[in-house]
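Sequence order for the protein chains is A and B.
Just so we're aligned, residue 1 is where the first sequence starts under the working numbering, counting upward by one.
Just so we're aligned, residue 1 is where the second sequence starts under the working numbering, counting upward by one.
The structure appears below as structure tokens.
Protein chains: 2
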Amino acid sequence: MITLKGAEVSAKIKEQVDELYKGITGSKPKLAIVRVGERPDDLSYERGALKKMEAFGLLAESFSFPCDISDEDFKREFSKINKNPEIQGILLLRPLPSQILEKDIEQMIDPKKDLDGISPYNIAKIFAGEESGFAPCTAEAVVEVLKTNDIDLTGKKVIIVGRSMVVGRPLSMLLLKENATVTICHTRTENLKDTCKNGDIIIAAVGRAKMLDGSYIGKDAIVIDVGINVDDNGKLCGDVDFDSLEGIASMATPVPGGVGAVTTAVLAKHLVMAALSQAEH
Amino acid sequence: MITLKGAEVSAKIKEQVDELYKGITGSKPKLAIVRVGERPDDLSYERGALKKMEAFGLLAESFSFPCDISDEDFKREFSKINKNPEIQGILLLRPLPSQILEKDIEQMIDPKKDLDGISPYNIAKIFAGEESGFAPCTAEAVVEVLKTNDIDLTGKKVIIVGRSMVVGRPLSMLLLKENATVTICHTRTENLKDTCKNGDIIIAAVGRAKMLDGSYIGKDAIVIDVGINVDDNGKLCGDVDFDSLEGIASMATPVPGGVGAVTTAVLAKHLVMAALSQAEH
């Protein structure tokens, strides 16, 4: 079984970003990471994003707010970041605490700075298969892993396990654009194992530690693991039991070291694309 | 094999509309049908919609424009209809001639009057599985046919053939909301027959006369035909060869007399919902 390493995909995306970057004449593109509270997974993602921006030669600034900030106060602060011409892209760590109306922020965010595709404007573009919108970075990272590794998607049976707005749903649309035959499974799916076994490519995005093992995977299938969980021993793991795939799957992404590293590379690419389009206007 | 008749589903939707209608105290809700040119299928759909609105006790007015109307002139006229407070809902017959920038109209249309779900605002809501948006009427009509006939969708394998923005894509999201396991097939799908045969429910939305016959259908599956085509003898027919399903499918919709009749009933329901929400504001 071939291990599909995120670092290699990230390196290829860096080449694309370097090429795009040549079009930028002014100051370096700058990302704003907006965080409310101190949730460990937010902090971990933030650290990864800051590191990646630095590695890609881009700027990033964290804006953090107390977890009890009022809806009004947060919106005022968010609006300042949203309008700041020195910031070309925004990553909002979610979910927000319940007192903040997240739906309003989705409407508020400038679609041109909305690098993680949360605004209705970008969602509608992804749904329609248009190139010009920003897809959620994790969903796009999955497509990047497949395409960078020259895995042909045309006509292939791709099984997505999970129907979230962050991965499952947008990913289904991105894969349709690549001419894959897409099946979306979820907690209510009957005979999940049979459905998965029938797929050429299985994408796990459920958020349950090692939920899928080799018994779900058909011979020579390709497995992409989007999950980031902690196992019983406190170790980071995916939605897939990686070791159990040996001798069954033809290729698979590990966790850590798989899709996660690609997600922040896609974020960097989106930042440079955003800076370019804002420079044009 | 049971024939799932559109008229029966439409009658049930009328009961819901009559119930909703009780909340309306002012003048009757009014639909604007906007048509550019004289394409036969537009004229046929328009006639059906006018008839249905009348049958449901609702108002409708056609606004037709010459097929060579300029982008600027059409936008000015469309804007008047869009802002007219006496019109609560708009149905724009599409595609528009190429000189009109259809994307601009999708952005322009008031989401509260956008009964056929073409604005990014409504598309994003359907994508997220939110109740408050308007889905494209044809996609929602398919769900109505299934639900009105007490066909349980939870965990069922639903195969959609066709990935258009009018049916396939939005329908996949509506069916996910009903907890179906959804597969989207299209022209590039390999082994379409095998995939279809494996489904509990097959939805044909390809736009090719009688493309699917009994050999694509598993024993006791349910077949919903969204196609409206003309066969070699000039007769109206669907994407499915209805007669060939006998002894194989458990239930199927005919063409004509199936989904089409339900689409305009959904349009009427959306009009009354739009009128109610506009009266509230």
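All C-beta atoms, glycine included, are put in the ideal place defined by N, C-alpha and C.
These numbers come from a predicted model, not from an experiment.
- Judged by their CB atoms, residue 42 of chain B and residue 93 of chain B are nearer to each other than the 7 Å cut-off.
- Between residue 4 of chain A and residue 31 of chain A a beta carbon distance of about 26 Å is seen, past the 8 Å cut, so the two are scored as non-contacting.
- For a Cβ distance threshold of 7 Å, residue set 120 of chain B lies close to residue 121 of chain A, ordered along the chain.
- Here DSSP, grouped into helix, strand and coil, assigns residue 251 of chain A to strand.
- The beta-bridge partner set that DSSP reports for residue 59 of chain A consists of A:30.
- Chain-ordered listing is empty here: chain A has no CB closer than 9 Å to the CB of residue 208 of chain B, the nearest sitting near 18 Å.
- The beta-carbon of residue 137 of chain A is placed no less than 7 Å from the nearest beta-carbon of chain B.
- At a cut-off of 7 Å between beta-carbon atoms, residue 184 of chain B makes contact with chain A.
- If you draw a straight line from the Cα of residue 65 of chain A to the Cα of residue 78 of chain A, it is about 10 Å long.
- Neighbours of residue 176 of chain B in chain A, taken as residues whose beta carbon is under 8 Å from its own, are 163, 169, 184 and 186 in chain order.
- In this structure, residue 175 of chain A places its C-beta atom within 7 Å of the C-beta atom of residue 158 of chain A.
- In the DSSP assignment, residue 80 of chain A falls within the alpha helix (DSSP H) that extends over 71-83.
- For the C-beta of residue 140 of chain A, not a single chain B residue is nearer than 7 Å; the gap to the nearest is close to 16 Å.
- Comparing alpha-carbon positions, the option among B:127, B:189 and B:125 lying closest to residue 154 of chain A turns out to be B:189.
- In this structure, the beta-carbon distance from residue 6 of chain A to residue 261 of chain A falls below 7 Å.
- Interface with chain A (7 Å Cβ-Cβ cutoff): residue 179 of chain B is included.
- With a cut-off of 8 Å on Cβ pairs, the stretch 183-203 of chain A is in contact with the stretch 214-221 of chain A, counting three or more such pairs.
- Under the Cβ criterion of 7 Å, residue 218 of chain A is not counted among the residues facing chain B.
- When secondary structure is reduced to three states using DSSP, residue 114 of chain B falls in the strand class.
- With 16 or more neighbouring CB atoms inside 10 Å of its own CB, residue 168 of chain B falls in the buried class.
- A direct Cα-to-Cα measurement between residue 48 of chain B and residue 34 of chain A gives close to 51 Å.
- One alpha carbon belongs to residue 124 of chain B, the other to residue 135 of chain B, and they sit about 10 Å apart.
- In the same chain as residue 46 of chain A, and ignoring 5 residues on each side of it, the C-beta atoms closer than 8 Å to its own belong to 33, 35, 62 and 93, in chain order.
- Minimum Cα-Cα distance from residue 21 of chain B among the listed residues B:277, B:279 and B:272 corresponds to B:272.
- Proximity of residue 130 of chain B to chain A, defined by a Cβ-Cβ separation below 7 Å, is not satisfied.
- Residue 35 of chain A is bridged by DSSP to A:64.
- For residue 222 of chain B, the three-state secondary structure derived from DSSP is strand.
- With respect to residue 187 of chain B, residue 183 of chain A sits apart: the two C-beta atoms are not nearer than 7 Å.
- When Cβ-Cβ separations below 7 Å define contact, residue 124 of chain A makes contact with chain B.
- The C-beta of residue 127 of chain B comes closer than 7 Å to at least one C-beta of chain A.
- Ranked by how close their Cα comes to the Cα of residue 17 of chain B, the residues B:38, B:40 and B:54 have B:54 in first place.
- Proximity to residue 71 of chain B across B:80, B:205, B:101 and B:266 peaks at B:101, based on C-alpha coordinates.
- The CB of residue 155 of chain B comes closer than 8 Å to the CB of 188, 189 and 190 in chain A, given here in chain order.
- Non-local C-beta neighbours of residue 268 of chain A in its own chain, meaning closer than 7 Å and more than five positions away in sequence, comprise 17, 52, 53, 56 and 58, ordered along the chain.
- Within 10 angstroms of the beta-carbon of residue 238 of chain B lie 16 or more other beta-carbons, which makes it buried.
- Take residue 28 of chain A, set aside five residues on each side of it, and the residues of its chain with a beta-carbon closer than 8 Å to its own are 57, 58 and 59, in chain order.
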